[in-house]
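Enquirer:
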Amino acid sequence: MFSFIVSRILQAIPVLLIVGFISFAMFAFVGDPVTIMLGQDYTEAQRALLVSQLGLDQPFFVQYAKFVWQAVHGNFGVSYRLARPVGELLAERFPATAELAITAAVLSLLIGVPMGVYTGIRRNSAVSRIFMIFSLMGVSLPTFLIGILLILFFSVSLGWLPSFGRGDVVHFSHWSTGFLTASGRRALILPAITLGLFQMTLILRLVRSEMLEVMRSDYIKFARARGLSQRSIHFRHALGNTLVPVITIVGLQLGGLIAFSIVTETVFQWPGMGLLLVQSIGVADIPVMSAYLLMIAVIFVTINLAVDLLYFVVDPRLRSRIGR
Amino acid sequence: MSGSAVSRFFDSDFVYSFSRSPVAIVSTLVVLIVAIAAVFAPWIAPHNPFDLASLNLMDSFKPPAFMTDGDPLFPLGTDDQGRDVLSGIMYGTQISLEVALLAMGFSLVVGVGVGLVAGYTGGAVDSLLMRVVDVQLTFPAILIALLVDGVVRAVLPQSMQDSLEIYVIVFAIGISRWPQFARTVRGSTMVERNRDYVMAARVIGLSSPRILITHILPNVLGPVLVIATLNIGLAILDEATLSFLGVGLPPTEPSLGTLIRIGNNFLFSGEWWITIFPGLTLAAMILSINLLGDWLRDALNPRLR
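Sequence order for the protein chains is D and S. Note that the first sequence covers residues 1 to 324 in the numbering used here. Note that the second sequence covers residues 325 to 629 in the numbering used here.
1. Would you say the segment 289-307 of chain D touches the segment 244-251 of chain D, given that touching needs at least three Cβ pairs under 8 Å?
2. Using a threshold of 7 Å, state whether the C-beta atoms of G443(S) and T508(S) are closer than that.
3. Quick one: is G474(S) buried, meaning 16 or more other Cβ sit within 10 Å of its Cβ, or exposed?
4. So, with DSSP's three-state summary, where would you put D57(D)?
5. Verify whether the separation of the beta carbon atoms of G439(S) and A506(S) is less than 7 Å.
6. Under 7 Å between beta-carbons, which chain S residues line up against L293(D)? List them in chain order, please.
7. Which residues in the same chain as V441(S) place their Cβ atom closer than 8 Å to its Cβ, once the five residues preceding and following it in sequence are excluded?
8. Mind listing the chain D neighbours of W619(S)? Cutoff is C-beta to C-beta under 9 Å, in chain order.
9. Tell me whether V423(S) is buried or exposed, calling it buried when 16 or more other Cβ atoms sit within 10 Å of its Cβ.
10. Would you decide whether V62(D) is buried or exposed? Buried here means 16 or more other CB atoms lie within 10 Å of its CB.
11. Please classify V571(S): is it buried, with 16 or more other beta-carbons within 10 angstroms of its beta-carbon, or exposed?
12. Would you call the segment 175-194 of chain D and the segment 208-222 of chain D in contact, with 3 or more CB pairs under 8 Å?
13. If I measure Cβ to Cβ from I613(S) and keep anything under 8 Å in the same chain, skipping five residues before and after, which residues do I get?
14. Quick check: the Cα distance between R324(D) and F2(D), rounded to an integer number of angstroms?
15. For M325(S), which residues from the same chain have a beta carbon less than 7 Å from its beta carbon, with the 5 sequence-adjacent residues on both sides left out?
16. Under 8 Å Cβ-Cβ, which residues of chain S neighbour F300(D)?
17. Please check if any C-beta of chain D sits within less than 7 Å of the C-beta of W502(S).
18. Who are D408(S)'s beta bridge partners in DSSP?
19. Name, please, each residue of chain S whose Cβ falls closer than 8 Å to the Cβ of I148(D).
20. Spatial neighbours of G335(D) within its chain, please: C-beta separation below 6 Å, excluding the five flanking residues on both sides.
21. So is P370(S) buried or exposed if we call it buried at 16+ other beta carbons inside 10 Å?
22. I'd like the list of long-range same chain contacts for A12(D), defined as Cβ closer than 6 Å, with 5 residues on each side in sequence excluded.
23. I'd like to know whether the C-beta of L432(S) is nearer than 7 Å to at least one C-beta of chain D.
24. Which runs of the alpha helix (DSSP H) fall wholly inside the segment 163-236 of chain D and span at least 4 residues, in chain order?
25. Does the distance from the C-beta atom of G196(D) to that of L188(D) stay below 7 Å?
26. Mind checking whether P574(S) and E489(S) have CB atoms under 7 Å apart?
27. Straight-line CA distance for L606(S) to L150(D)?
28. With DSSP collapsed to three states, give me the class of G457(S).
29. Assign P464(S) to one of three DSSP states: helix, strand, or coil.
30. Does T266(D) get closer than 7 Å to chain S when you measure Cβ to Cβ?
31. Is S351(D) close to chain S? Criterion is C-beta to C-beta, closer than 7 Å.
32. Please check if any C-beta of chain S sits within less than 7 Å of the C-beta of L152(D).
33. Pull up the CB-CB distance for F144(D) and V267(D), whole angstroms please, since I reckon it's below 8 Å.
34. Can you list, in chain order, the residues of its chain whose CB lies under 7 Å from that of G55(D), leaving out five sequence neighbours each side?
35. 7 Å is my cut-off, CB to CB: does I107(D) come that close to chain S?
36. Nearest CA to the CA of M137(D): which residue from S336(S), L624(S), M609(S), L620(S)?
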């Protein structure tokens, strides 16, 4: 198992190196930050001062070495737009995105798995049909449209839930959380549903097709013959064997959640990293874009690694094969 | 096409299974209706939203015709500047479809090209190209499109940005979706290159590009057709998402996504129709294309017949 982990980590390194290089190339060659930061009126002396302050007058390899050294220390330069360190900006916005993505993932699992099990067992019932139509909508409706429809219904028409922002948050040194206040939890509901709906329908369809497959297998017939209860057959014997693909998809889609949180955060003006990225792209704020890219790469590689490790927990066949 | 070829087409399994699938027929109808309304918008749209002279601010914020204050002149209502929402949707769909088709074509050409070369050549070229595909597939396509769009925009000089906007977004979406084509085509090419007909072509001394294009390409196109169909839907979605985020097409060329973004500003004052109708058009189109793609995959899969 140890060698497996090491080989996985070694595979992740080239990905990070390539993304790191793209990230640096963006940082070094794209756009003219000096013009953006100075605005319309400036003297040549002001310009020269800013160029040397940003280190843009140094040779390519010096800039690259500096970039790598600084990035390893969590330092990604200064945002052109907000004139603040990018590392600080991202660290400030990270909790909002993380809480949103995790809530969406938990929500989609808690609702998607039972719905999938139900439609897999009673595939022809009316409720299953309704679930399947609902899942088709979830796959086809664009994320932002779901958000807009939810706002229209629950915020504008009914006035039940807030349509933008994070509500009140509680700060713990570097982390800010909305879980602990009533307004924070209320503000989380609509964005989390918007973000999680696609995920949920994906899980529903996956669990359903896996259940249909498993329920036909011999060991389920045998479990029936042994006279086990329906509940034990469905949830212990059948569901347990559908979990490997579900974990893969949920894990890989967690990265997708972070990417699509860009859209959700824009709809709900949620103060996370995605909103920061969209605002930065609008004004070509390259340091924020390149740091975001690098950070997303690290998050994705970590998630993929975690998914690989989770297989061991869920699939005993893998454990015994590698243990030998 | 000769007469017998046409009749052979209509006698094929493909047409038979199409005529037996209500889902495929309805989806095709929806796609056709939306596409025809979009392509012929200049002739059949009730108003021209780009003709500033025809706009009247007195007509602004009219609700759809079926509501109490509605005006039959504007079946789906008007926006803040008195533009007809229905006409806006028709013109907007035209732009959305144009971008989506160009972007899909771009990913298809790049992906199929890379796939053919990687699968046929093998070795180091293959591993290198597939490594690129692997790295890119690690990231969601929309994120890549967003970043590429931002970078290209930053590289271009300000004066050229507006005129090239549409090509920037086509490039951004196209480049984000080619790996799927490449992977599929590479797989089928690796199977085909060991077939006898390829050996025969080599023996008679045909050049590699000639073998790839005239002999292998036609035999690997089946799965490409399915991916291409599904990718049109995805490209429409990508374009709408980028435009909704405000980094896509400018308000001077309002696609469906731009219309939804602009309409979103009026959601809270109760003018829901400005954003909801373009949204529903978008959803109906994507849903139909997805269903059609799924059907196509099953229809082209001989094992499921």
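Backbone N, C-alpha and C define an ideal beta-carbon position, used for all residues, glycine too.
Expert: With the given structure in hand:
1. yes
2. no
3. buried
4. coil
5. yes
6. L471
7. V449, L453, L536
8. Chain D residues near W619(S): none, gap ~13 Å exceeds 9 Å.
9. buried
10. exposed
11. buried
12. no
13. S351, V355, T553, L554, I556, G557, I560
14. Note that R324(D) scores a pLDDT of 43, beneath 50, so its modelled location is shaky; the value from the coordinates is reported in the next line. Cα to Cα, R324(D) sits roughly 13 Å from F2(D).
15. Note that M325(S) scores 46 on pLDDT, short of 50, meaning its location in the model is unreliable; the coordinates nonetheless yield the value given after this. Answer for M325(S): no residue qualifies.
16. T462, F463
17. no
18. T402(S)
19. I584, N588, L591, T599, I600, G603
20. Absent from the structure is residue 335(D), since the part of chain D shown begins at 1 and ends at 324.
21. exposed
22. V301
23. no
24. 182-215, 218-225
25. no
26. yes
27. 17 Å
28. First, the residue type needs correcting, since residue 457(S) is Val and not Gly in the sequence shown. Residue state, collapsed to three classes: helix.
29. coil
30. yes
31. The structure shown does not extend to residue 351(D), since chain D is modelled only from 1 through 324, so no value can be given for it.
32. yes
33. 5 Å
34. Q63, K66
35. Checking the sequence shown, residue 107(D) turns out to be Leu, not Ile. No, because no Cβ of chain S sits closer than 7 Å to the Cβ of L107(D).
36. M609(S)
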